Structure formats: C-alpha cells, structure tokens
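Note sheet for the following structure.
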Amino acid sequence: MIEINNVSKWYGSFQVLTDCTTQVSKSEVVVVCGPSGSGKSTLIKCVNALEPFQQGSIVVNGIAVQDPKTDLPKLRAKVGMVFQNFELFPHMTITDNLAIAQIKVLGRSRDEAVDKGLKLLDRVGLKAQAAKFPGQLSGGQQQRVAIARALAMDPICMLFDEPTSALDPEMINEVLDVMVQLAQEGMTMMCVTHEMGFARKVANRVIFMDRGAIVEDAAKEDFFGQPRSERAQAFLAKILNH
Amino acid sequence: MSDFDFSVIVQNWAFLAEGLRYTLQVTLTAMIGGILIGTVLALMRLSSIAPLQWFAAGYVNVFRSVPLVQVILAFYLILPLVLQMITGKQIPVGAANSAYFTFTIFEAAYYSEIMRSGIQSVPRGQVGAGYALGFTYGQAMRYVVLPQAFRNMLPVLLTQTIILFQDVSLVYAIGATDFFGAADKITQRDLRPVEMYTTVAVVYFIICFTLSRLVKWLQSHIAIIR
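In the order they appear, the protein sequences are chains A and B.
When we follow this note's numbering, the leftmost residue of the first sequence carries the number 41, and every step to the right adds one.
When we follow this note's numbering, the leftmost residue of the second sequence carries the number 10, and every step to the right adds one.
Structure representation (structure tokens):
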C-alpha cells in the first residue's frame with residue numbers, strides 16, 4: 041500500500057531524512073516512534089507529499105508521489121491524515137468541516153456529504169456537537185472530529201502525525217480508542233506516536249527513527265521484546281519507565 | 010458672528026446629496042474592486058513564483074509611494090489615451106468616471122497589504138489540512154485560508170475604507186463633484202463658507218464615527234473562536 045524507498049530530504053544543507061526505506065501493507069498498522077527531531081513527522085508528511093523530498097521514491101497504492109505528473113490532490117483525497125494540532129477549520133461548523141471536502145473534492149451532494157459526516161460523527165461519539173464550531177470543543181473532541189473528517193473521504197489508508205501529543209492526558213484515551221477501533225476494522229495505518237500502549241495493542245510493526253534515519257524496523261513482538269539497536273533500547277527504557 | 014445663515018444648506022440640499030451619493034458610490038466601488046484586486050495581489054506576493062511576487066511587490070510599492078492626488082490627475086489624463094490606443098476611438102471618460110477606476114486601482118495596493126497579513130495570520134497547518142483532504146491550491150485558498158484571512162482582517166479593511174471615504178474628496182483636483190466638491194462649488198457661488206464647511210465636516214464626522222464604532226463592534230463580535 042505504502043512503499044518508501046531510500047528517501048532522503050534536506051533543508052538547505054541540513055539533512056533531515058537519510059535513506060529511509062520501509063513499507064506498509066494493506067490492513068497493516070505501523071507505529072513510527074523516536075525522539076523529537078528524529079524526522080518521523082517529516083517522513084509521514086512525505087507520504088502524501090505535504091513535504092517534498094529530494095531523493096528516493098514513495099509509492100502509494102501504485103502511484104509515485106514524487107512524480108511531477110502525479111495528480112497530488114487526487115492522491116491525497118484517498119489518503120486520510122490526522123494532525124497533531126487537529127487543524128479543523130475554525131470558521132466552519134463541525135458539520136461543514138466534515139462535509140466540505142466530500143462536496144468540493146469528491147463531488148458528493150451536500151445531503152449525501154452531511155449524512156455521511158453525521159454517521160461518522162456518531163461513530164466517534166460526537167453527534168450532539170454537529171452544529172458547534174471547533175473552538176467550542178475540547179482537544180480530544182476536536183481530534184475525534186478530525187479523524188471522522190478524514191474517514192468521510194473513504195481513505196484507503198490513514199496517516200496519524202502525533203495525534204495525541206497536543207492533548208491533555210485525560211483526553212488521550214478517547215482518541216486512542218477511536219484509533220484502536222479503526223485498526224481492528226482493518227484500516228491501513230501509519231502512526232507517528234509515543235503511545236506505546238497503543239503500539240502494543242494494535243501495531244503490527246514498530247519503526248524507530250533517530251536523526252533522520254530508520255534505526256529499527258521490526259515486528260511489534262521483536263521491538264518490545266528485544267530491540268537490536270542501543271538507541272532504541274535506551275529510548276524504550278526512557279518512555280516505558282514512567 | 011450673529012449672521013449665520015444655514016438656509017444655504019437647505020436650499021442646496023439636493024445638490025449636496027447628489028455629491029454625497031457620488032462619494033459613497035466611489036467608496037463602495039473602490040472598496041469591493043480594491044479588495045478583490047488586492048486579494049489577488051496578496052496571493053501573487055505570497056506565491057512561490059518569482060515574477061508574480063515581483064509584479065505584486067512593484068504594484069504595491071509604486072502606488073504607496075505616489076501621492077493620491079497625483080495618481081488621480083495622472084489617470085484622469087492617461088485613461089482616455091489608453092482607451093483610445095486600445096479601441097482606436099476617442100472615448101470621453103470624464104472626471105467623475107475616471108475616479109472610479111483610479112480609486113479601485115490605488116486602494117488595491119493598500120488592501121493587498123492588509124490581505125497579505127491576513128493570509129499570513131492563518132496557521133500554515135490549515136493549508137496542510139486542506140491539501141491533505143485533496144483540495145487544490147485554489148480550493149485551499151477559497152475555502153480555508155481566505156475566509157479566515159478576511160474575517161481576521163475585517164476591522165482593518167473597514168478602517169481603510171473609512172480613510173478611502175475621506176480621500177474621495179481629492180477628486181476636487183479634477184473637478185468632479187463629490188460631497189466636498191459640491192459644497193465647495195456652492196460656497197464659491199453663495200459665499201457662505203463657514204456654514205457650508207461646518208455642515209460638511211459634521212456630516213463626514215457622523216458617517217466616519219458611526220463606521221468606526223461599527224469596526225469596534227465587529228472586532229469583539231466576529232472573532233473566530235480558536
């Protein structure tokens with residue numbers, strides 16, 4: 041589904057990604073972790089070309105992202121993305137947030153789009169909030185709406201960029217619950233997150249990044265059981281001990 | 010000072026009202042046209058295409074560096090020549106008509122700077138979110154960025170419009186009859202400058218003060234909840 045081959049990226053002369061190679065198969069859940077500044081968010085944003093990269097290739101569902109001829113809006117419409125800061129549109133109601141891209145990008149009728157949006161809103165437990173504006177919701181609620189907004193486009197896979205990092209601790213679980221449910225339904229997911237509980241529960245593979253490179257790419261059992269690299273061991277020891 | 014005679018206002022009210030109507034029409038035209046052109050200029054200025062950036066920057070810098078009254082005069086003289094070049098016919102434009110054009114073009118430079126800071130006030134992640142949903146550049150601007158930019162900047166846009174409303178009086182230089190111009194013409198004829206200019210000042214004050222209260226009200230009522 042997602043193939044990342046030897047991707048390197050520079051900001052000027054500073055290299056932020058070094059020869060990253062991995063893949064996500066259909067219905068697979070891959071968790072990407074690593075210290076801050078390790079390039080994990082940058083890598084996931086390369087997958088739907090929100091960030092350009094200079095070397096290597098990324099192929100999503102058979103379409104080469106870096107190819108200048110690729111219709112990026114069309115590709116991105118099929119790849120759901122959830123951001124650290126939710127990025128709901130603050131000037132629109134929750135209903136409009138859910139409907140607008142369905143109408144403008146997929147060409148659905150307004151009724152159809154609202155109907156679909158409300159169903160998904162119900163699924164994330166927020167049907168009562170449909171008429172409100174994003175600013176009237178808590179962070180956890182906003183992030184659940186953001187997930188519903190991405191799902192409304194019927195994505196073939198979902199990218200999560202630290203979806204719980206901006207949340208108060210008591211709101212993290214309501215978002216993770218939605219993500220776990222999605223994973224269990226067979227959604228293909230690539231998640232940048234530090235939530236190791238989530239990784240243990242639903243991940244198939246865990247990728248550990250450090251200084252722009254993929255240091256460890258292992259099945260969940262191997263990663264948590266016996267990480268090969270010292271960096272990953274040290275990282276795990278730090279974040280699992282609290 | 011015992012011989013104030015405000016009957017001169019009453020007698021000439023229709024002429025003054027006609028001038029005021031013209032002033033409001035020019036203001037409204039230049040506001041709408043200026044914001045539209047200004048928004049396009051702002052998008053050009055912020056685009057990644059160098060020639061578009063240069064054009065927009067040049068446009069803004071030129072019009073902000075020349076006194077408005079000179080631009081009014083220049084366009085009044087040049088516009089008929091340009092039209093003649095394009096159409097090959099002599100088209101009498103007239104002072105009153107050329108002002109609509111001049112103010113729209115001139116104000117666009119100021120509105121574009123306001124829209125530019127408005128666009129920059131929208132967090133970058135919002136554009137990313139729009140793109141991630143499959144929006145094209147145009148759609149991301151149209152549905153995500155510009156509505157927020159416009160809302161954030163509405164008080165400043167209106168403040169600029171108040172300035173524009175007052176500046177329309179500069180068409181005096183080309184002899185067009187705006188509100189101030191109408192008052193001035195009556196003054197020349199009836200020789201009642203104190204009554205006339207006082208009335209004009211009061212009317213300008215009432216309109217501008219009302220608008221600036223509206224701006225204040227808007228500032229507290231239309232802010233986007235974040």
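By construction, the Cβ of each residue, glycine as well, lies at the ideal position given by its N, Cα and C atoms.
Since we're looking at a predicted model, the values are computed, not measured.
Taking 8 Å as the cut-off, is the beta-carbon of A:Val105 closer than that to any non-hydrogen atom of the ligand HEM? This structure lacks the ligand HEM; in fact it carries no ligand of any kind.
Which residues does DSSP list as the beta-bridge partners of A:Leu199? In the first sequence, residue 199 of chain A corresponds to position 159, counting from 1. Answer is A:Met121 and A:Met230, bridged to A:Leu199.
Quick check on this structure: which residue in A:Met132, A:Ala253 and A:Thr61 has the alpha carbon closest to the alpha carbon of A:Leu176? Translated into the one-based positions of the first sequence, residue 176 of chain A becomes position 136. Just to set this straight, residue 176 of chain A is Gln in the shown sequence, not Leu. A check of alpha carbon separations from A:Gln176 across A:Met132, A:Ala253 and A:Thr61 identifies A:Met132 as the nearest.
Length at least 4, wholly inside the region 64–128 of chain B: the alpha helix (DSSP H) runs in chain order: 77–96
Select from A:Glu152, A:Phe123 and A:Asp257 the residue whose C-alpha is nearest the C-alpha of B:Gln135. Position 126 of the second sequence holds residue 135 of chain B. Cα-wise, what sits closest to B:Gln135 is A:Phe123.
Please say whether A:Gln224 and A:Pro203 have beta carbons closer to each other than 9 Å? Counting from 1 along the first sequence, the entry for residue 203 of chain A is found at position 163. Counting from 1 along the first sequence, the entry for residue 224 of chain A is found at position 184. Result no, Cβ atoms of A:Pro203 and A:Gln224 do not sit closer than 9 Å.
Residue nearest to B:Ile17 in terms of C-alpha spacing, selected from B:Val212, B:Tyr213, B:Ile195 and B:Tyr85: Here residue 17 of chain B is taken as the residue at index 8 of the second sequence, counted from 1. The question names Ile, yet the displayed sequence has Val at residue 17 of chain B. Measuring C-alpha to C-alpha distances from B:Val17 to each of B:Val212, B:Tyr213, B:Ile195 and B:Tyr85 identifies B:Ile195 as the nearest.
Nearest CA to the CA of B:Ala39: which residue from B:Tyr109, B:Leu61 and B:Thr96? Taking the first residue of the second sequence as 1, we reach residue 39 of chain B at position 30. Nearest option by C-alpha distance: B:Tyr109.
Give the secondary structure of A:Glu225 by DSSP, where H, G and I count as helix, E and B as strand, and everything else as coil. Residue mapping note: residue 225 of chain A aligns to position 185 of the first sequence, counting from 1. Three-state DSSP puts A:Glu225 in coil, outside helix and strand.
Can at least three beta-carbon pairs, one atom from the region 138–157 of chain A and one from the region 186–198 of chain A, be found at a separation below 8 Å? yes
Compare the C-alpha of A:Gly237 against each of A:Thr228, A:Leu216, A:Met227 and A:Ile254 and name the closest. Position 197 of the first sequence, counted from the start, is the residue given in the question as residue 237 of chain A. When each option's Cα is compared against that of A:Gly237, the closest is A:Leu216.
Chain B contacts made by the region 115–146 of chain A, where a contact means CB separation under 7 Å: Arg116, Ala117, Met121, Phe123, Asn125, Glu127, Phe129, Pro130, His131, Ile140, Ala141, Lys144 and Val145
Residues bridged to B:Met162 (per DSSP): Position 153 of the second sequence holds residue 162 of chain B. Partner(s): none; B:Met162 has no beta bridge.
Please return the same chain residues whose Cβ sits closer than 7 Å to the Cβ of A:Val232, not counting the five positions on each side in sequence. Taking the first residue of the first sequence as 1, we reach residue 232 of chain A at position 192. Taken in chain order, the residues that qualify are Val72, Lys80, Ser81, Ile84, Phe200, Asp201 and Glu202.
In its own chain, which residues sit with a C-beta less than 6 Å from the C-beta of B:Ala65, not counting the 5 before and 5 after it? In the second sequence, the residue the question calls residue 65 of chain B occupies position 56. Only Leu50, Met53 and Arg54 meet the Cβ criterion.
By the 7 Å beta-carbon criterion, what residues does the region 115–142 of chain B contribute toward chain A? Gly134, Gln135, Gly137, Ala138, Tyr140, Ala141 and Leu142
CB B:Ala104 to CB B:Tyr85, shorter than 9 Å? Locating residue 104 of chain B in the second sequence gives position 95, where the first residue counts as 1. Locating residue 85 of chain B in the second sequence gives position 76, where the first residue counts as 1. In this structure, B:Tyr85 lies closer than 9 Å to B:Ala104 by Cβ.
Member of A:Leu160, A:Asn45 and A:Ile98 whose CA lies at the smallest distance from the CA of A:Val218: Here residue 218 of chain A refers to the residue found at position 178 of the first sequence. Of A:Leu160, A:Asn45 and A:Ile98, the residue nearest in Cα terms is A:Leu160.
CB contact check: A:Leu160 to chain B, cutoff 9 Å: On the first sequence, position 120 is the one that residue 160 of chain A refers to. No, because no Cβ of chain B sits closer than 9 Å to the Cβ of A:Leu160.
Does any C-beta atom of chain A lie closer than 9 Å to the C-beta of B:Gln228? As a position in the second sequence, residue 228 of chain B is number 219, starting the count at 1. Not an interface residue.
Host alpha helix (DSSP H) of A:Asn137 (start-end): Taking the first sequence and counting its residues from 1, one reaches residue 137 of chain A at position 97. Element bounds for A:Asn137: Ile134 to Lys144.
For B:Thr48, count the other beta carbons within 10 Å of its own beta carbon; 16 or more makes it buried, fewer makes it exposed. Which is it? Within the second sequence, residue 48 of chain B is the residue found at index 39, counting from 1. Per the 10 Å Cβ criterion, buried.
9 Å is my cut-off, CB to CB: does B:Met10 come that close to chain A? Working through the second sequence from its first residue, we reach residue 10 of chain B at position 1. Residue placement at B:Met10 is poorly supported in this model, since its pLDDT is 48, which falls under 50; the coordinates are not used for a value here.
Closer than 7 Å, Cβ to any Cβ of chain A: which residues of the region 147–165 of chain B, in chain order? Gln148, Tyr152, Val153, Pro156, Gln157 and Arg160
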